[in-house]
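Each number in my numbering comes from the position in the sequence shown (counting from 1) with 335 added on. Where is the CB? At the ideal position from N, CA and C, for every residue including glycine. In this text the structure is predicted, and so the values were computed from the model without any measurement.
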Amino acid sequence: MLWLALYFPLLPLEALTRSEPSDQPMAVELGRRLWRVNAAARDFGVQPDMAINAALALTPDLRIRPRCEADEQRALQEMAAWVLQFSPQISLVSGQGLLLEIGASLRLFGGLDALLNAVLGGLPELGFSVQDAVSPTPAAAWLAAYLGVPLRVREPARLAAALSSLDIAGLSLSAKLESRLRGMGLHRIGQLLTLPRQGLAKRIGTDTLAHLDRVVGRRPDPRPYWQPPAHFDSTVELPVEAEGGASLRFALHRLVLTLAGFLRGSDAGAGSLRLEFQHRAQSPTALALNLLVPGRDVAHLEALITTRLERLALPAPVSAIRLVCDDVRRYETASEDLFGLRRNADEAAPALIERLRARLGDEQVHGLNAFADHRPEQAWSGTAARRASAGHVGRPLWLLPQPRPIESRRLHRLSGPERIETGWWDGREIARDYFVAQTGDGRRLWIYRCHAQRGVWYLHGLFA
């Protein structure tokens with residue numbers, strides 16, 4: 336196994352200020368003293384543990400917020416949802432960071448360097464600073480990340496040597512025990528590892544020795560895995576109320592980025608989205624967005640939201656934005672023909688319709704249904720714009736020699752009915768309603784029911 340540790344040293348601050356640009360001096364206070372400060376505040380000489388009045392004397396523009404542990408936990412949950420796209424095995428660590436088992440993901444992402452570039456490049460865009468480390472054991476990876484040491488060890492045999500120079504502060508010892516060890520001249524992990532185990536147990540206790548064994552891989556270290564939610568629900572508070580413009584777009588961008596990571600990790604797409612623009616003194620303003628095809632492309636989703644937002648009249652300044660996606664669907668990739676032409680057309684058409692609906696409104700964009708009727712005014716009707724499911728031509732590639740009965744309760748119908756009623760003139764009359772259906776594992780079936788046997792379903796073909 337190979338573990339990636341992600342420690343967020345400024346989580347208490349960034350959980351409260353992720354909707355703000357990072358060039359604003361900001362700090363979190365705890366007990367009337369500064370606890371965390373960002374880089375912009377440090378540029379003015381502001382430091383952690385500084386008195387509030389002293390910090391304000393250095394920069395009157397410093398924004399100070401009280402610590403909120405609930406916001407920290409929500410932010411950590413959202414980051415776990417985002418990194419789900421890189422590994423399904425995620426463990427939360429003491430409210431401060433994440434551990435990912437990435438050994439099985441290396442081949443998928445093209446190696447360790449490529450995976451780290453994707454993870455470490457994406458988290459700052461979400462508004463979070465991160466310290467990382469890679470190790471065969473989760474405890475060693477976390478220890479190094481916590482100390483700010485970018486450890487890169489893949490072989491267990493090299494781990495003890497790589498950790499030998501790290502400070503014992505990473506072991507999370509009690510203040511009393513750490514002070515006693517330093518008083519004996521023991522400052523590095525390597526110094527502890529060279530001591531006889533029996534004597535070391537007397538000095539640091541059996542529990543601490545067991546933890547040290549887990550760090551270097553002498554003991555197993557099972558971790559509980561985080562369970563992702565079924566739906567996405569995230570809220571970003573704005574630093575100051577906004578009526579539109581860059582402040583809303585900045586917050587929306589980070590919300591959509593987080594959503595896209597959650598959807599990729601779940602191998603899913605959004606069938607619809609719901610935005611709530613919250614106001615101080617009145618009910619939220621809602622904006623609903625329905626997609627023809629389950630989607631998760633950041634640029635496309637942002638374009639649709641921005642276009643709809645241009646048509647939305649906000650009755651009051653916005654204090655927070657909530658993004659909800661409870662319509663999570665299986666993500667579909669269009670089938671590709673030999674030259675890749677049909678796939679491009681299949682993806683472009685629904686994207687165009689979605690942009691038109693976002694700009695003009697759902698009620699202004701329609702599809703057409705044709706009917707076999709000689710009367711021109713009865714030969715068509717308007718219908719809600721929609722896209723047929725992938726496979727789309729309406730006929731399966733494989734037709735069964737003989738239709739066979741099928742249980743329909745576990746099938747999800749994608750399109751239909753298509754009524755086929757013919758053959759009366761040659762004695763082989765049929766009267767059937769055909770549907771395209773999907774199984775739980777993603778297979779598409781062509782099924783029908785006869786008019787004379789309404790409760791009985793038959794499987795007639797399978798789509799590629």
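Subject >> alpha helix (DSSP H) segment containing THR472, residue limits >> reply: Careful: THR472 lies outside any alpha helix (DSSP H) and carries neither H nor E.
Original post:
Rounded to whole angstroms, how far is the Cβ of LEU397 from the Cβ of ALA390, which I believe are closer than 8 angstroms?
Top reply: 6 angstroms
Subject >> Span separating the alpha-carbon of GLY552 from that of ARG517 >> reply: 24 angstroms
**OP:** Could you tell me the boundaries of the beta strand (DSSP E) in which GLU276 lies?
**Re:** Lying outside 336 to 799, the shown extent of the chain, residue 276 is not represented and no answer is given.
Original post:
Of the choices GLN431, GLY462, GLY432, ALA468, whose alpha-carbon is the least far from that of ASP448?
Top reply: ALA468
Original post:
Smallest Cα separation from LEU508: which of LEU498, ILE539, PRO491?
Top reply: ILE539
Original post:
For the putative contact between PRO652 and GLU578, defined by C-beta atoms under 8 angstroms, what is the C-beta separation to the nearest angstrom?
Top reply: 5 angstroms
Original post:
Is the Cβ-Cβ distance between SER654 and GLN699 less than 7 angstroms?
Top reply: no
Subject >> Nearest-angstrom Cα separation, counted from PRO347 out to GLU404 >> reply: 7 angstroms
**OP:** Using 10 angstroms around the beta-carbon of ALA374, count the other beta-carbons present and answer buried if the total reaches 16, otherwise exposed.
**Re:** exposed
Subject >> Residues of its chain near SER601, where Cβ-Cβ distance is below 8 angstroms and the 5 sequence neighbours each way are ignored >> reply: LEU419, PRO563, VAL663
Original post:
Around the Cβ of GLY505, are there at least 16 other Cβ atoms within 10 angstroms (buried) or fewer (exposed)?
Top reply: buried
**OP:** State yes or no: is the C-beta of GLU611 within less than 7 angstroms of the C-beta of ALA603?
**Re:** no
Original post:
According to DSSP, is HIS546 helix, strand or coil?
Top reply: helix
Subject >> Selection from ALA476, ALA686, ALA648, PRO619 that minimises the alpha carbon distance to VAL633 >> reply: ALA686
**OP:** Count the C-beta pairs between the segment 765-777 and the segment 745-754 that are closer than 8 angstroms, then say yes if the count reaches three, no if not.
**Re:** yes
Original post:
From this set, LEU530, LEU339, ALA586, which residue's C-alpha is nearest GLU355's C-alpha?
Top reply: ALA586
**OP:** Determine the direct distance from the alpha carbon of GLY446 to that of ASP568, and round the result to whole angstroms.
**Re:** 32 angstroms
**OP:** Verify whether the separation of the beta carbon atoms of TYR481 and TYR342 is less than 7 angstroms.
**Re:** yes
Original post:
According to the Cβ coordinates, are LEU337 and ILE437 closer than 7 angstroms?
Top reply: yes
Original post:
Quick one: is ALA565 buried, meaning 16 or more other Cβ sit within 10 Å of its Cβ, or exposed?
Top reply: exposed
Subject >> Counterpart residues of ARG784 in DSSP-defined beta bridges >> reply: ASP768, TRP792
Subject >> Terminal residues of the beta strand (DSSP E) in which LEU345 lies >> reply: No beta strand (DSSP E) contains LEU345, which DSSP labels as neither H nor E.
**OP:** Determine the closest residue to ALA410 out of GLN533, LEU590, THR394, with distance taken between C-alpha atoms.
**Re:** LEU590
Original post:
Nearest to HIS795 by CA position, among GLY456, ARG767, ARG789, is which residue?
Top reply: ARG767
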